[in-house]
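Q:
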Amino acid sequence: MDFGQFRELGEWLSMLWKNNDKSIFSFGAVLMWNGWKAKCKSLMCGDPFIPESIINRASAQFVEIANPEETEHTVTTGPVSNLPTSWMPPSTTQIKINFDGASNDLQSGIGVVFRNHKGEFYLGRVVNVPRNHPEVLEAMAVREGLLLAVNEGIRLIWIEGDAQQIVKFLLDQSLEVPWRLHHVLADCRKLRLEFDQFHISFIHPTGNSVAHCMAKHACTISRPNTWYVFPPFLLPVLLKDLTQ
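The sequence shown runs 1 to 244 under the UniProt record's numbering.
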């Protein structure tokens, strides 16, 4: 169904009575949410209340929900082949945090791993979460890493992952963020203010293998887990990183 064909609220309401489609209810929820936001902005900020704009915005968001693969954000900062493919250590004063998200048929998981300038395991955490969009999982992994660093009193960090779009959103606050990422990225932007030094970068997936291993493990557990000594399942990929 092409929801973009409707330009007036009355047309859309008439359609509701003629069709029995589950997508109607999903779109209705998105439309009401956008209408409520527009009304609040009109009352509190004086923004114009334009029904056509509300419908257009809701239509775009509904398409994003219904077809996540088709609305995946593209990266334009250069070919992946030119990106670093090996894990690089941070400075002697920094802790490097690699993050990743993963999913299986049952659930999703996020993983973060902290390492020092020698490449030694410093801290790691895995969290099982309900299945979600890949970008949301990556953003949640960033947030988990930042929260853990704050709680541990770490103030000089370098955070790195293979989710280039998430990295770009955190580097450039002028970029338009998909609605599904608003809340998590807002948390990340607030948390980064807690650090005296904050560096974030993108790496080819082959250089993010330790965090990926953590995220895959998170998909198999029933509750979060934190390690201050590396877990046995992580040893092969840790050694591979150090010998590359």
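Where is the CB? At the ideal position from N, CA and C, for every residue including glycine.
(1) Report yes if the C-beta distance between Leu83 and Ile203 is below 8 Å; otherwise report no.
(2) Could you check the C-alpha separation between Asn34 and Leu156 for me, to the nearest Å?
(3) Is it true that the CB of Glu138 sits closer than 8 Å to the CB of Phe99?
(4) On the DSSP letters alone, give me the boundaries of the beta strand (DSSP E) that Ala102 sits inside.
(5) Taking the C-alpha atoms as reference points, what is the distance between Gly161 and Pro232?
(6) Assign Ile50 to buried or exposed, taking buried as 16 or more other Cβ atoms, counted over all protein chains shown, within 10 Å of its Cβ.
(7) Excluding the 5 residues flanking Tyr228 on each side, which residues of the same chain have their C-beta closer than 7 Å to its C-beta?
(8) Provide the residue span of the alpha helix (DSSP H) that contains Ile166, from first to last.
(9) DSSP three-state call for Glu152: helix, strand or coil?
(10) From this set, Glu194, Pro134 and His217, which residue's C-alpha is nearest Arg180's C-alpha?
(11) Is it true that the CB of Gly145 sits closer than 8 Å to the CB of Ala218?
(12) Could you give the first and the last residue of the continuous beta strand (DSSP E) run that contains Glu108?
(13) Considering only residues of the same chain and omitting the five flanking positions on each side of Met140, which have a CB-CB separation below 7 Å?
(14) Quick one, which of Asn225, Leu234, Ser201 and Ile221 has its alpha-carbon nearest Pro89's?
(15) On the DSSP bridge list, what partners appear for Ser201?
(16) Leaving out five residues on either side along the sequence, give the residues of the same chain with a beta carbon under 6 Å from the beta carbon of Glu72.
(17) In three-state DSSP terms, what is Glu70?
(18) Taking Pro236 as the reference, which of Asp172, His212 and Lys190 has the closest Cα?
(19) What does DSSP give as the partner residue(s) for Gly124 in the beta ladder?
(20) Helix, strand or coil, according to DSSP, for Val177 in the structure here?
(21) Can you give me the C-alpha to C-alpha distance between Gln106 and Leu43, rounded to a whole angstrom?
(22) Pull the bridge partners of Val129 from the DSSP assignment, please.
(23) Under three-state DSSP, which class holds Trp87?
(24) Assuming Val126 and Pro224 form a contact by the criterion Cβ under 8 Å, report the distance between their Cβ atoms to the nearest whole angstrom.
(25) Just the C-alpha distance for Gln197 and Thr93, rounded to the nearest angstrom, thanks.
A: Here's the rundown:
(1) For this step, residue 83 is matched to residue 83 along the sequence shown. For this step, residue 203 is matched to residue 203 along the sequence shown. Contact: yes.
(2) Stepping through the sequence shown from its first residue, residue 34 is reached at position 34. Stepping through the sequence shown from its first residue, residue 156 is reached at position 156. Whole-angstrom Cα-Cα distance: 39 Å.
(3) Position 99 of the sequence shown, counted from the start, is the residue given in the question as residue 99. Position 138 of the sequence shown, counted from the start, is the residue given in the question as residue 138. Their beta carbons are under 8 Å apart, which means Phe99 touches Glu138 by this criterion.
(4) Taking the sequence shown and counting its residues from 1, the one referred to as residue 102 is at position 102. Here the beta strand (DSSP E) through Ala102 covers Ile95 to Ser103.
(5) One-based indexing of the sequence shown puts residue 161 at position 161. One-based indexing of the sequence shown puts residue 232 at position 232. Cα-Cα distance, rounded: 22 Å.
(6) As a first step, residue 50 is located in the sequence shown; it is residue number 50 there, counting from the start. By the C-beta density criterion, Ile50 is exposed, having fewer than 16 other C-beta atoms within 10 angstroms.
(7) On the sequence shown, residue 228 is found 228 positions in, with the first residue counted as 1. Answer for Tyr228: Leu123, listed in chain order.
(8) Walking along the sequence shown from the start, residue 166 turns up at place 166. Counting along the chain, the alpha helix (DSSP H) containing Ile166 begins and ends at Gln164 to Leu171.
(9) Sequence index remark: in the sequence shown, residue 152 carries index 152 (1-based). Of the three classes helix, strand and coil, the one that applies to Glu152 here is coil, per DSSP.
(10) As a position in the sequence shown, residue 180 is number 180, starting the count at 1. The shortest Cα separation from Arg180 among Glu194, Pro134 and His217 belongs to Pro134.
(11) For this step, residue 218 is matched to residue 218 along the sequence shown. For this step, residue 145 is matched to residue 145 along the sequence shown. Cβ atoms of Ala218 and Gly145: not closer than 8 Å.
(12) The residue labelled residue 108 in the question sits at position 108 within the sequence shown. First, the amino acid is wrong: residue 108 is Ser here, not Glu. Ser108 -> beta strand (DSSP E) spans Ser108 to Arg115.
(13) Residue 140 sits at position 140 when you count from the first residue of the sequence shown. Cβ neighbours of Met140 beyond the five flanking positions: Gly101, Ile110, Val129 and Val184.
(14) By 1-based counting over the sequence shown, the position of residue 89 is 89. Relative to Pro89, the option among Asn225, Leu234, Ser201 and Ile221 whose CA is nearest is Ser201.
(15) For this step, residue 201 is matched to residue 201 along the sequence shown. Beta-bridge partners of Ser201 (DSSP): Glu160.
(16) Counted from its first residue, the sequence shown places residue 72 at position 72. Reliability of the predicted coordinates at Glu72 is poor, the pLDDT of 39 falling under 50, and no value is obtained from them.
(17) Position 70 of the sequence shown, counted from the first residue, corresponds to residue 70. Any reading at Glu70 must be qualified, since the residue scores a pLDDT of 41, below 50, and its modelled position is unreliable; the value itself is stated next. Note: Glu70 maps to coil in three-state DSSP.
(18) Taking the sequence shown and counting its residues from 1, one reaches residue 236 at position 236. Taking only the C-alpha atoms, the option nearest Pro236 is His212.
(19) Position 124 of the sequence shown, counted from the first residue, corresponds to residue 124. Answer is Val113 and Trp227, bridged to Gly124.
(20) The residue you call residue 177 lines up with position 177 of the sequence shown. Looking at Val177 - three-state DSSP - the assignment turns out to be coil, as it is neither helix nor strand.
(21) In the sequence shown, counting from the first residue as 1, residue 106 sits at position 106. In the sequence shown, counting from the first residue as 1, residue 43 sits at position 43. Correcting the residue identity first, residue 106 is Leu in this sequence and not Gln. So the two alpha carbons sit approximately 44 Å from each other.
(22) On the sequence shown, residue 129 is found 129 positions in, with the first residue counted as 1. Val129 pairs with Ser108.
(23) As a working mapping, residue 87 is identified with position 87 in the sequence shown. Trp87: coil per DSSP, three-state reduction.
(24) Counted from its first residue, the sequence shown places residue 126 at position 126. Counted from its first residue, the sequence shown places residue 224 at position 224. With a Cβ gap of about 7 Å, Val126 and Pro224 count as contacting.
(25) Reading the sequence shown from its first residue, position 197 is the one you call residue 197. Reading the sequence shown from its first residue, position 93 is the one you call residue 93. Approximately 10 Å between the Cα atoms of the pair.
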